[in-house]
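What follows is a single structure, written as structure tokens, with notes after it.
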Amino acid sequence: MNIIAVPTIQETISKIFMTESENLNQYDGLEKFFETETQLIYEIHHLEKEKAKETLRALIDMISLHAGKDTIRAIRNYYIVLSSVMARKLFEMRVPPKKAFAFNNACIELVDNRMNDSEFLYVADELIEFFISVISERKQPSFGHQTVNKVVMFINDEVERDLSVEDVAKHFHISTSHLSRIFREHAGITLVEYLNVRRVEESQHYLRHSDKGISEISKQFHFCNQSYFTRIFKKYTTVTPKQFRDSQHIPYFRYTLPNAK
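Residue numbers (UniProt numbering): 1 to 261.
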């Protein structure tokens, strides 16, 4: 009886690797790929949104040059790989592991739900928006009071918790009156306002990239009801949650603390 030898996984991968290495010899400029990707990560880390969008498009052009008819599949795979790279960067920036995993899963879900032949460039822009949004949360604030800096980072990490001023004060073992005073003095807005700002910022991603109802998103971010959520959302973004969800061209709202150095 003849026994047919089945290649091992390692043998299969090695064969594909050698074949791909031979095929790639015919393409010029691919040596710049990882250099360009390093540039992209630098731009994201430094919140250079428009430059990052341009750099990602340059990477997409390089991928398309090689992939040919499989361009959309190749770009989809690269988006997922890039999301994993950024999740690792977030972890290195001391983002809680749970949030880094959630970030990666959210990116994959975006690619799965929105990626098609006509919207792959739109997805690229949305990923950059999301990357920079999350990275910006990890930028250490530089207020003159270390407790205020720690409070900002704490809220950024726990934005989906039902936090009150009392909860935050208890976490840092200080009185609510003292916390409220130093936060407004150094950050330029009240702690309640900052909690609402961060909830509005985070809710935008669920409005645009999930099937959750507006009422459900309102509850997720602990607004007392949908009407109040709509009022606060419009206060900062100038549009309602429904208008933001229905129009992909409305830009994301980003808040800059007025007294940040």
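C-beta atoms are modelled at their ideal positions from N, C-alpha and C, and glycine is treated no differently. All values reported here derive from a predicted model rather than from experimental measurement.
{"Check": "By Cβ distance below 8 Å, which residues in the same chain neighbour T36 in space, the five residues on each side in sequence not counted?", "Outcome": "T55, A58, L59 and M62"}
{"Check": "Scan the region 161-186 and note each continuous alpha helix (DSSP H) run of 4 residues or more that stays entirely inside, going in chain order.", "Outcome": "165-171"}
{"Check": "If you follow the alpha helix (DSSP H) that C107 is part of, which residue opens it and which one closes it?", "Outcome": "P97 to R114"}
{"Check": "I need the DSSP call for E119, collapsed to helix, strand or coil.", "Outcome": "coil"}
{"Check": "Which same chain residues end up closer than 7 Å to R198 when comparing Cβ atoms and leaving out the 5 residues on each side of it in sequence?", "Outcome": "I155, N156 and V159"}
{"Check": "Measuring straight from C-alpha to C-alpha, what distance separates T240 and I13?", "Outcome": "51 Å"}
{"Check": "Give me the Cα-Cα distance between F143 and I232, rounded to the nearest whole angstrom.", "Outcome": "26 Å"}
{"Check": "Taking all protein chains shown into account, do 16 or more other C-beta atoms lie within 10 angstroms of the C-beta of H186, making it buried, or fewer, making it exposed?", "Outcome": "buried"}
{"Check": "By the 10 Å Cβ neighbour count, where 16 or more other Cβ atoms means buried, how is T237 classified, buried or exposed?", "Outcome": "buried"}
{"Check": "Helix or strand or just coil, what does DSSP make of Q226?", "Outcome": "helix"}
{"Check": "Starting from the C-beta of residue 277, find all residues in its chain whose C-beta is less than 8 Å away, skip the five residues before and the five after it, and write them out in chain order.", "Outcome": "Outside the shown range of the chain (1 to 261) lies residue 277, about which nothing can therefore be said."}
{"Check": "Do I108 and S133 come within 8 Å of each other at the CB atom, strictly closer than that value?", "Outcome": "no"}
{"Check": "For my contact list, F130 and V200 are in at a C-beta cut-off of 8 Å; report their separation, rounded to the angstrom.", "Outcome": "Going by Cβ atoms, the distance from F130 to V200 rounds to 16 Å, so no, they are not a contact pair."}
{"Check": "Short check: CB of S203 to CB of F221, under 8 Å?", "Outcome": "yes"}
{"Check": "Comparing C-alpha positions only, which one of A67, K219, Y228 and L40 sits nearest to I128?", "Outcome": "L40"}
{"Check": "Give the straight-line distance between the Cα atoms of K261 and G188, rounded to the nearest whole angstrom.", "Outcome": "Annotation note: pLDDT 49 at K261 (below 50); position unreliable, coordinate value reported separately. Near 12 Å, if we compare the C-alpha coordinates of G188 and K261."}
{"Check": "Taking DSSP as the reference, what is the three-state secondary structure of T190?", "Outcome": "coil"}
{"Check": "Out of C224, R114, S215 and F120, which has the shortest C-alpha to C-alpha gap to K242?", "Outcome": "S215"}
{"Check": "Whose CA, out of H66, E43, K49 and A100, lies closest to the CA of E20?", "Outcome": "H66"}
{"Check": "Suppose you measure from the CA of V95 to the CA of I44; what does that come to, to the nearest Å?", "Outcome": "16 Å"}
{"Check": "Given that a residue counts as buried once 16 or more other Cβ atoms are within 10 Å of its Cβ, and exposed if not, what is E22?", "Outcome": "exposed"}
{"Check": "Taking DSSP as the reference, what is the three-state secondary structure of residue 271?", "Outcome": "No statement about residue 271 is possible, as the shown extent of the chain runs from 1 to 261 and does not include it."}
{"Check": "Whose C-alpha, out of Y206, R208, G68 and V151, is nearest the C-alpha of S180?", "Outcome": "V151"}
{"Check": "I'd like to know whether the C-beta atoms of L110 and A100 end up nearer to each other than 8 Å.", "Outcome": "no"}
{"Check": "By the 10 Å Cβ neighbour count, where 16 or more other Cβ atoms means buried, how is L121 classified, buried or exposed?", "Outcome": "exposed"}
{"Check": "When the Cα atoms are used, what is the spatial distance from T256 to E137?", "Outcome": "11 Å"}
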